[in-house]
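J.: Sharing a structure here in structure tokens format.
There are 2 protein chains.
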Amino acid sequence: MQDSHNGSTRRRRTREPRRQLATLEQLDWSLPSYTDQPIEPLDSDGLERIHNAAMRILEEIGITFLHPKARSLLKEAGCDVNEKTECVRMDRVFVMEQVAKAPASFKLVPRNPARSIIWGGRHFTFGPVASPPNVSDLDGGRRVGNRVDYQNLLRLSQTFNCLHFSAGYPVEPVDLHASTRHLHAFYDLLTLTDKITHAYSLGTERIEDAMEMVRIAAGVSVEEFDSTARMYTNINSSSPLKHDWPMLDGAMRMAARGQPVVVAPFTLAGAMAPVTLAGALAQQTAEALSAIALLQVVRPGAPCVFGAFTSNVDMKSGAPAFGTPEYVRAMQISGQLARRYHLPWRGSNANACNTPDAQATWESMFSLWGVTTGQANMVKHGAGWLEGGLTASFEKLVIDCEMLQQFIYYQKPIGTTDEDLAVDAIAEVGPNGHFLGCEHTRERYQTAFYSPFLSDWRNFESWQLDGGKDAVQRANTLYKRLLDEYVPPPIDEAIREELTEFVDRRCREGGAKTDF
Amino acid sequence: MQDSHNGSTRRRRTREPRRQLATLEQLDWSLPSYTDQPIEPLDSDGLERIHNAAMRILEEIGITFLHPKARSLLKEAGCDVNEKTECVRMDRVFVMEQVAKAPASFKLVPRNPARSIIWGGRHFTFGPVASPPNVSDLDGGRRVGNRVDYQNLLRLSQTFNCLHFSAGYPVEPVDLHASTRHLHAFYDLLTLTDKITHAYSLGTERIEDAMEMVRIAAGVSVEEFDSTARMYTNINSSSPLKHDWPMLDGAMRMAARGQPVVVAPFTLAGAMAPVTLAGALAQQTAEALSAIALLQVVRPGAPCVFGAFTSNVDMKSGAPAFGTPEYVRAMQISGQLARRYHLPWRGSNANACNTPDAQATWESMFSLWGVTTGQANMVKHGAGWLEGGLTASFEKLVIDCEMLQQFIYYQKPIGTTDEDLAVDAIAEVGPNGHFLGCEHTRERYQTAFYSPFLSDWRNFESWQLDGGKDAVQRANTLYKRLLDEYVPPPIDEAIREELTEFVDRRCREGGAKTDF
Numbered sequence: 000m001q002d003s004h005n006g007s008t009r010r011r012r013t014r015e016p017r018r019q020l021a022t023l024e025q026l027d028w029s030l031p032s033y034t035d036q037p038i039e040p041l042d043s044d045g046l047e048r049i050h051n052a053a054m055r056i057l058e059e060i061g062i063t064f065l066h067p068k069a070r071s072l073l074k075e076a077g078c079d080v081n082e083k084t085e086c087v088r089m090d091r092v093f094v095m096e097q098v099a100k101a102p103a104s105f106k107l108v109p110r111n112p113a114r115s116i117i118w119g120g121r122h123f124t125f126g127p128v129a130s131p132p133n134v135s136d137l138d139g140g141r142r143v144g145n146r147v148d149y150q151n152l153l154r155l156s157q158t159f160n161c162l163h164f165s166a167g168y169p170v171e172p173v174d175l176h177a178s179t180r181h182l183h184a185f186y187d188l189l190t191l192t193d194k195i196t197h198a199y200s201l202g203t204e205r206i207e208d209a210m211e212m213v214r215i216a217a218g219v220s221v222e223e224f225d226s227t228a229r230m231y232t233n234i235n236s237s238s239p240l241k242h243d244w245p246m247l248d249g250a251m252r253m254a255a256r257g258q259p260v261v262v263a264p265f266t267l268a269g270a271m272a273p274v275t276l277a278g279a280l281a282q283q284t285a286e287a288l289s290a291i292a293l294l295q296v297v298r299p300g301a302p303c304v305f306g307a308f309t310s311n312v313d314m315k316s317g318a319p320a321f322g323t324p325e326y327v328r329a330m331q332i333s334g335q336l337a338r339r340y341h342l343p344w345r346g347s348n349a350n351a352c353n354t355p356d357a358q359a360t361w362e363s364m365f366s367l368w369g370v371t372t373g374q375a376n377m378v379k380h381g382a383g384w385l386e387g388g389l390t391a392s393f394e395k396l397v398i399d400c401e402m403l404q405q406f407i408y409y410q411k412p413i414g415t416t417d418e419d420l421a422v423d424a425i426a427e428v429g430p431n432g433h434f435l436g437c438e439h440t441r442e443r444y445q446t447a448f449y450s451p452f453l454s455d456w457r458n459f460e461s462w463q464l465d466g467g468k469d470a471v472q473r474a475n476t477l478y479k480r481l482l483d484e485y486v487p488p489p490i491d492e493a494i495r496e497e498l499t500e501f502v503d504r505r506c507r508e509g510g511a512k513t514d515f
Numbered sequence: 000m001q002d003s004h005n006g007s008t009r010r011r012r013t014r015e016p017r018r019q020l021a022t023l024e025q026l027d028w029s030l031p032s033y034t035d036q037p038i039e040p041l042d043s044d045g046l047e048r049i050h051n052a053a054m055r056i057l058e059e060i061g062i063t064f065l066h067p068k069a070r071s072l073l074k075e076a077g078c079d080v081n082e083k084t085e086c087v088r089m090d091r092v093f094v095m096e097q098v099a100k101a102p103a104s105f106k107l108v109p110r111n112p113a114r115s116i117i118w119g120g121r122h123f124t125f126g127p128v129a130s131p132p133n134v135s136d137l138d139g140g141r142r143v144g145n146r147v148d149y150q151n152l153l154r155l156s157q158t159f160n161c162l163h164f165s166a167g168y169p170v171e172p173v174d175l176h177a178s179t180r181h182l183h184a185f186y187d188l189l190t191l192t193d194k195i196t197h198a199y200s201l202g203t204e205r206i207e208d209a210m211e212m213v214r215i216a217a218g219v220s221v222e223e224f225d226s227t228a229r230m231y232t233n234i235n236s237s238s239p240l241k242h243d244w245p246m247l248d249g250a251m252r253m254a255a256r257g258q259p260v261v262v263a264p265f266t267l268a269g270a271m272a273p274v275t276l277a278g279a280l281a282q283q284t285a286e287a288l289s290a291i292a293l294l295q296v297v298r299p300g301a302p303c304v305f306g307a308f309t310s311n312v313d314m315k316s317g318a319p320a321f322g323t324p325e326y327v328r329a330m331q332i333s334g335q336l337a338r339r340y341h342l343p344w345r346g347s348n349a350n351a352c353n354t355p356d357a358q359a360t361w362e363s364m365f366s367l368w369g370v371t372t373g374q375a376n377m378v379k380h381g382a383g384w385l386e387g388g389l390t391a392s393f394e395k396l397v398i399d400c401e402m403l404q405q406f407i408y409y410q411k412p413i414g415t416t417d418e419d420l421a422v423d424a425i426a427e428v429g430p431n432g433h434f435l436g437c438e439h440t441r442e443r444y445q446t447a448f449y450s451p452f453l454s455d456w457r458n459f460e461s462w463q464l465d466g467g468k469d470a471v472q473r474a475n476t477l478y479k480r481l482l483d484e485y486v487p488p489p490i491d492e493a494i495r496e497e498l499t500e501f502v503d504r505r506c507r508e509g510g511a512k513t514d515f
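Residue numbers (numbering that gives the first Met the number 0), protein chains in the order written: chain B, 0 to 515; chain W, 0 to 515.
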């Protein structure tokens, strides 16, 4: 900035006009780790009882695999396959042998290696909202998902350092035709962000196209792609007890090439799973481990994530509930189960609220405390989720990022050196002074405390004079400013052209079938 | 209710017309306990370093006691007292000997013994907002505290079972003259609620009047009163390093009669305490233990509570910040310190927000997770606090109670019996069914899950058709309905008359001096 008045800077500004304006004060990009012990609601006996129930489900009841290749692979591996019902029963020795082959921890490397992350151990990572059909903000209200909002949500996901990976589409770009949507959407993902990307397992073409585009964006060979985790897919079982064809197909293709698969059963207690938490968790475990076992048969050592989405329905209405005490406990016990199986695990920042108000916030906070005290390694839907996943909210995304940042900062160790204990400063200030001006404070005040980007801590009168804006209104102002300041991450022009050519070619070929 | 159609019931209904209408679905009154392990950020070495720094503050720097009797008692007990500076230095052996006399746990019995609570062990209790000068709701906006709002906040505090005790005045009834305010305010407290009450330590008359009124309300003799904890006072040190006369006077009078004293230093890091968390906690510990040591000299075994109010200021503006990562850690470490000293401890549900929006909620949730993972025994300002304590909000009170209830419910153990594990139900439903109608669900659905009174879990369309009300608007509707349905707890008419006579007499005598 020292040469801001000479011509050369003016020229540089012309080339990168907006980068200089970035004004978001946020924590630097980092891969945070949990420093506390996890909260573990069950003792080892209780945990073993859930494990045993899950094994009984797999041995005695079985899981339906709606994919012939999955069934034939499992049959070859010694499972009891009923081709008529498509049900596969597997004994616990087989399951545990397969699960033991999955890595407890693995690194994911996106096209920008500086954005690499690790899933496993005590590391934790957050991703934005994924997959809602609708999008909303204060200005435009609630509307059907579209590419403009999709791109803007990607830009925000890229901007916030507390978001470590891209999840599914932050909103479904419904205005793109379903057969070629994934091509344009992935082009946006790979050019507007440089973080780890997710590809939907919606049949053969989509997942193959996505892998090829990630390979092109990374500028690596097929062998190099296959040797490192560079993206991931998330599959949900069709609870109860079923894995469908498109998800299995995508998951097996990803696993075959060493790309991570998150297996997240959608076990809502009372609807798709038993009304008891222990029962729902036993079913979640059975469904997740059955798919992970399959993927280990496909490629031993394929990176897998134990997904936890157990919550409950409101028994008065049948509506899904999230961020409830049940959800917190389900997440913490899922963490216990994942650690028992030496698998990384996934949770979510979920809520069932229609607007980003106090309810949305307390439900999100219960969810986030549940997944973080349970020590989830990846938190999907970390920012922007509303209505149980039916809407992506721009304002909620900003609010959630403010909370996520605090969860990251919270893991900072508390120093207890003599300097930290400050007995000398206390003696210096004495009973009649204050610490605002003392040297001990002056040396530390700039970095002493967490500094939020969204909180308003002014007194009531100042706040009111300035319009009395609540958190949602401030989030609205901030997200628009961030979009205005957004600069895309650098990409090699040759790579961009190769991506464009790939998209064009695959569009000409018709993209993917839409009859799944 | 079996005779609801005969005349006697109709007469009863005439006498108590509103009791039958109560419609708040809430958890029953209970004394909850923590079932998890506490989160402990410091290892034993770090904890001892804070302890050691606190002891050095007491030994080398000293605490100012602005009360001659306090100084003379401490001098008699062997402390180093400087009468000119009013500073008292006490060595660690003395402090720890005195603190060891305080009970680790004790029972408090209000005028309705069914509302007894325990402070200590793994028990936890919540109280409402205390002491703001202002009050607000959607209808009337923000206004100066007054008796009508004061009484209404008491009625709500009585109504919610998640609130276990009354704290200070939920809003200051400023329209009552300061000299007799405590008499009218305490009359309201003792007739509109039947839970444990707090009396302000604001000099001699107020605390003596309050103790006498609590004795009258309980219908017990002076000896019976003195033998059991029946109320409490909360004192704040004038940080740094000072205890003022009115608080010391009230606290010593309470302790002398066996009534609990909560000692809560107001150690905002960066302003009244060092900018480092460890330093602020060392100072908090020194200030709290110095008063607790004094109270043990006054009456060995007097029930005391280790108060924790350490947070930080925003170093950009000097404004207090609450519900920050620093606050969470300060609360958890305060829990470690309290357990080290075998003392019950107090935290708060604090926030620095001007309106009950998302920010107020995330700050409250960070506060509540901080105090509950730190396992506070009493949580003051549990419901209704806004603006760092400058305003009591009717809507925030309802929102907070919804959250407090969930913290209570969350402690419920998770069953893992065969019935809970539901393998038979999973077999029965199979891969093509759902659990909504199965017998296992039908037997349990009514009590299976937490049932909120404020959440709206309807889908967007239903919610929007019904006015699209956010949590604050719904809380507004609910609090007014609860006031409409409120029925005061029963009180013996003779006792009520005795209270009235006491208030009248003390008012005629002029009440309390107002020159403190």
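In this text, a Cβ means the ideal position worked out from N, Cα and C, and glycines have one as well.
Taking 8 Å as the cut-off, decide whether the C-beta atoms of B:A511 and B:R205 are in contact.
T.: Translated into positions along the first sequence, residue 511 of chain B becomes position 512. Translated into positions along the first sequence, residue 205 of chain B becomes position 206. Yes, the Cβ-Cβ distance between B:A511 and B:R205 is below 8 Å.
J.: Rounding to the nearest angstrom, what Cα-Cα distance links W:D255 and W:E58 in this structure?
T.: Stepping through the second sequence from its first residue, residue 255 of chain W is reached at position 256. Stepping through the second sequence from its first residue, residue 58 of chain W is reached at position 59. The sequence as given places Ala at residue 255 of chain W; Asp does not occur at that position. Roughly 26 Å separates the two Cα atoms.
J.: Should B:L280 and B:A318 be called a contact, given that it needs their Cβ atoms to be closer than 8 Å?
T.: Here residue 280 of chain B is taken as the residue at index 281 of the first sequence, counted from 1. Here residue 318 of chain B is taken as the residue at index 319 of the first sequence, counted from 1. For B:L280 and B:A318, no; Cβs fall outside 8 Å.
J.: Under 8 Å between C-beta atoms, does W:G278 make it to chain B?
T.: Numbered from 1 along the second sequence, position 279 holds the residue referred to as residue 278 of chain W. Yes, W:G278 counts as interfacial toward chain B.
J.: Determine, using beta carbons only, whether B:K241 comes closer than 8 Å to chain W.
T.: For the purposes of this step, residue 241 of chain B is taken as the residue at position 242 of the first sequence. Yes, B:K241 lies at the interface with chain W (some Cβ there is under 8 Å from its Cβ).
J.: For a test of the three-state rule: what should DSSP assign to W:I425, helix, strand or coil?
T.: Within the second sequence, residue 425 of chain W is the residue found at index 426, counting from 1. Helix, per DSSP.
J.: With a cut-off of 8 Å, do at least 3 Cβ pairs link the region 21–36 of chain B to the region 116–123 of chain B?
T.: Result yes; three or more Cβ-Cβ pairs closer than 8 Å.
J.: Leaving out five residues before and five after B:V134 in sequence, what residues of the same chain have Cβ atoms less than 7 Å from its Cβ?
T.: Locating residue 134 of chain B in the first sequence gives position 135, counting from the first residue. The residues are R142, G144, D148, V170, T390 and A391.
J.: Expressed to the nearest angstrom, what Euclidean distance is found between the alpha-carbon atoms of W:A99 and W:T275?
T.: Indexing the second sequence from 1 puts residue 99 of chain W at position 100. Indexing the second sequence from 1 puts residue 275 of chain W at position 276. So the two alpha carbons sit approximately 28 Å from each other.
J.: Less than 8 Å between the beta carbons of B:T284 and B:I49, yes or no?
T.: Numbered from 1 along the first sequence, position 285 holds the residue referred to as residue 284 of chain B. Numbered from 1 along the first sequence, position 50 holds the residue referred to as residue 49 of chain B. A contact, by the Cβ cut-off of 8 Å.
J.: Can you find a C-beta in chain W that's less than 8 Å from the C-beta of B:L73?
T.: Counting from one through the first sequence, the residue named residue 73 of chain B turns up at place 74. It does not: the Cβ of B:L73 has no partner Cβ on chain W nearer than 8 Å.
J.: Going by the CB atoms, is the gap between B:P324 and B:Q282 shorter than 8 Å?
T.: Taking the first residue of the first sequence as 1, we reach residue 282 of chain B at position 283. Taking the first residue of the first sequence as 1, we reach residue 324 of chain B at position 325. Not in contact: B:Q282 and B:P324 (Cβ atoms no closer than 8 Å).
J.: Which residues in the same chain have their Cβ closer than 7 Å to the Cβ of B:I38, if we skip the five residues on either side of it in sequence?
T.: Counting from 1 along the first sequence, the entry for residue 38 of chain B is found at position 39. Excluding sequence neighbours, B:I38 sits near Q331, T372 and G373.
J.: Name, please, each residue of chain B whose Cβ falls closer than 7 Å to the Cβ of W:W462.
T.: As a first step, residue 462 of chain W must be located in the second sequence, where it is residue number 463. Those are N353, listed as they occur along chain B.
J.: Please tell me whether B:R9 has its Cβ less than 8 Å away from any Cβ of chain W.
T.: Here residue 9 of chain B is taken as the residue at index 10 of the first sequence, counted from 1. Bear in mind that the predicted position of B:R9 carries a pLDDT of just 38, short of 50, making it too unreliable to give a figure here.
J.: Measuring only between beta-carbons, confirm whether B:N376 sits less than 8 Å from chain W.
T.: Start at 1 with the first residue of the first sequence, and residue 376 of chain B comes out as number 377. Not one chain W Cβ lies under 8 Å of B:N376.
J.: Checking 8 Å against the spacing of the C-beta atoms, do B:H433 and W:M246 come in under that value?
T.: Within the first sequence, numbered from 1, the residue matching residue 433 of chain B stands at position 434. Within the second sequence, numbered from 1, the residue matching residue 246 of chain W stands at position 247. In this structure, W:M246 does not lie closer than 8 Å to B:H433 by Cβ.
J.: Would you mind sorting B:L267 into buried or exposed? The rule is 16 or more other CB atoms within 10 Å of its CB.
T.: Here residue 267 of chain B refers to the residue found at position 268 of the first sequence. Burial call: buried.
J.: Starting from the C-beta of B:A337, find all residues in its chain whose C-beta is less than 6 Å away, skip the five residues before and the five after it, and write them out in chain order.
T.: The residue given as residue 337 of chain B occupies position 338 in the first sequence. Closer than 6 Å at Cβ, skipping near neighbours: F305 and W344.
J.: Nearest-angstrom Cα distance between B:L72 and B:L201?
T.: Working through the first sequence from its first residue, we reach residue 72 of chain B at position 73. Working through the first sequence from its first residue, we reach residue 201 of chain B at position 202. Approximately 20 Å between the Cα atoms of the pair.
J.: Output the residue ranges of the beta strand (DSSP E) runs that lie fully inside the region 78–121 of chain W and measure 3 residues or longer, sorted by chain position.
T.: You should have 79–81, 86–88, 104–107 and 116–119.
J.: Any beta-carbon of chain W closer than 8 Å to the one on B:L41?
T.: As a working note, residue 41 of chain B is residue 42 in the first sequence. So yes, B:L41 belongs to the interface.
J.: Going by alpha carbons, who is nearest to W:F64 out of W:Y231, W:A76 and W:E85?
T.: In the second sequence, residue 64 of chain W corresponds to position 65, counting from 1. Of the candidates W:Y231, W:A76 and W:E85, the one whose C-alpha sits nearest the C-alpha of W:F64 is W:E85.
J.: When the cut-off is 8 Å and only beta carbons count, does W:G6 lie next to chain B?
T.: By one-based count along the second sequence, residue 6 of chain W stands at place 7. With a pLDDT of only 38 at W:G6, under the threshold of 50, the placement of this residue in the model should not be trusted, and no figure is reported.
J.: So which residues of chain W does B:S316 contact, with C-beta pairs closer than 8 Å?
T.: Here residue 316 of chain B corresponds to residue number 317 of the first sequence, with the count starting at 1. Neighbours of B:S316 on chain W, chain order: W456 and R457.
J.: With C-beta atoms as the reference, is B:I62 less than 8 Å away from B:E286?
T.: For this step, residue 62 of chain B is matched to residue 63 along the first sequence. For this step, residue 286 of chain B is matched to residue 287 along the first sequence. Yes, the pair counts as a contact, with Cβ atoms nearer than the cut-off.
J.: Mind checking W:H176: buried by the 16 CB within 10 Å criterion, or exposed?
T.: Within the second sequence, the letter at position 177 stands for residue 176 of chain W. With fewer than 16 other Cβ atoms within 10 Å, it is exposed.
J.: Tell me whether W:C506 sits in a helix, a strand or coil according to DSSP, three-state version.
T.: As a position in the second sequence, residue 506 of chain W is number 507, starting the count at 1. Of the three classes helix, strand and coil, the one that applies to W:C506 here is helix, per DSSP.
J.: I need the straight-line Cα distance from W:A421 to B:N235, nearest angstrom please.
T.: Counted from its first residue, the second sequence places residue 421 of chain W at position 422. Counted from its first residue, the first sequence places residue 235 of chain B at position 236. If I take the Cα positions, the gap works out to 22 Å.
J.: Indicate whether at least one CB of chain W lies closer than 8 Å to the CB of B:N311.
T.: Here residue 311 of chain B is taken as the residue at index 312 of the first sequence, counted from 1. So yes, B:N311 belongs to the interface.
J.: How is the alpha helix (DSSP H) around B:Y149 delimited, first residue to last?
T.: For this step, residue 149 of chain B is matched to residue 150 along the first sequence. Note, B:Y149: alpha helix (DSSP H), R146 to T158.
J.: Would you identify the three-state DSSP class for B:L23, choosing helix, strand or coil?
T.: Mapped onto the first sequence, residue 23 of chain B falls at position 24. Reduced to three states, the DSSP call for B:L23 is coil.
J.: Which residues in the same chain have their Cβ closer than 8 Å to the Cβ of B:A228, if we skip the five residues on either side of it in sequence?
T.: The count along the first sequence starts at 1 and reaches residue 228 of chain B at position 229. Answer for B:A228: F105, K106, L107, V108, G257, Q258, P259 and P302, listed in chain order.
J.: Based on DSSP bridge pairs, tell me the residues matched to W:F64.
T.: Reading the second sequence from its first residue, position 65 is the one you call residue 64 of chain W. Partner(s): W:H242.
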